Amino acid sequence: MATERTLSILKPDATRRNLTGKINAVFEEAGLRIIAQRRLHLSQAQAEAFYAAHRERGFFKDLVGFMVSGPVVVQVLEGEDAIALNRKLMGATNPANADPGTIRKLFAESIEANSVHGSDSAEAAAQEIGFFFAGTDIVG
Ligand code: ATP
Ligand code: MG
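Counting from 2, one number per residue, gives the positions in the sequence shown under the working numbering.
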């Protein structure tokens with residue numbers, strides 16, 4: 002295992018219900034460090050670009066609409082095996098299938114409004130971190 006960095010997003014359903022602290026506590030209690038963090042309201046163009054890989058999926062338009070429906074918190078998490086650890090802490094995409102104790106089981110409202118995003122590979126993490134943060138914004 003190696004120290005890794007991953008991109009996390011607290012989605013609009015989480016900011017709307019004032020859950021950012023509770024979700025960050027899950028990360029920190031699991032040993033992940035929040036080494037960069039910013040709250041912003043994504044533009045339509047930003048959301049479409051971020052989810053470009055899903056452009057052909059039937060849920061793309063709804064997903065983009067949801068992601069611009071309120072503020073998000075983008076963050077860089079760092080720790081041992083951070084990419085896989087964060088995916089484990091998040092739980093399955095559909096909260097109905099998520100394991101007990103995972104963020105999505107605890108907090109998600111639906112398969113779309115599922116509270117968090119996490120990079121799914123080292124390549125995605127590097128690309129997604131660069132999408133939101135300059136190197137000087139990240140203080141490990
Ligand atoms: P994320 O990429 O947000 O970390 P994920 O990797 O678990 O989540 P993806 O398959 O990459 O899931 O889908 C991206 C996002 O699109 C999901 O998190 C969810 O918000 C939304 N989504 C995925 N599948 C559906 C669906 N069938 N209906 C509606 N929204 C969906
Ligand atoms: Mg994904």
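Where a beta carbon is used, it is the ideal one built from N, C-alpha and C, also for glycine. Quick caveat: nothing in here was measured; it's all calculated off a predicted structure.
| Check | Outcome |
| --- | --- |
| Where Thr137 falls, given that 16 or more other Cβ within 10 Å makes a residue buried | exposed |
| Every unbroken alpha helix (DSSP H) within the stretch 67–112, with a cutoff of 4 residues, ordered by chain | 83–91 and 104–108 |
| Phe28 beta carbon less than 7 Å from that of Val75 | no |
| Per-residue DSSP class, three states only, for Ile139 | coil |
| Any non-hydrogen atom of the ligand MG closer than 6 Å to Asp121 Cβ | yes |
| Bounding residues of the beta strand (DSSP E) (the contiguous stretch that carries Glu5) | Thr4 to Leu11 |
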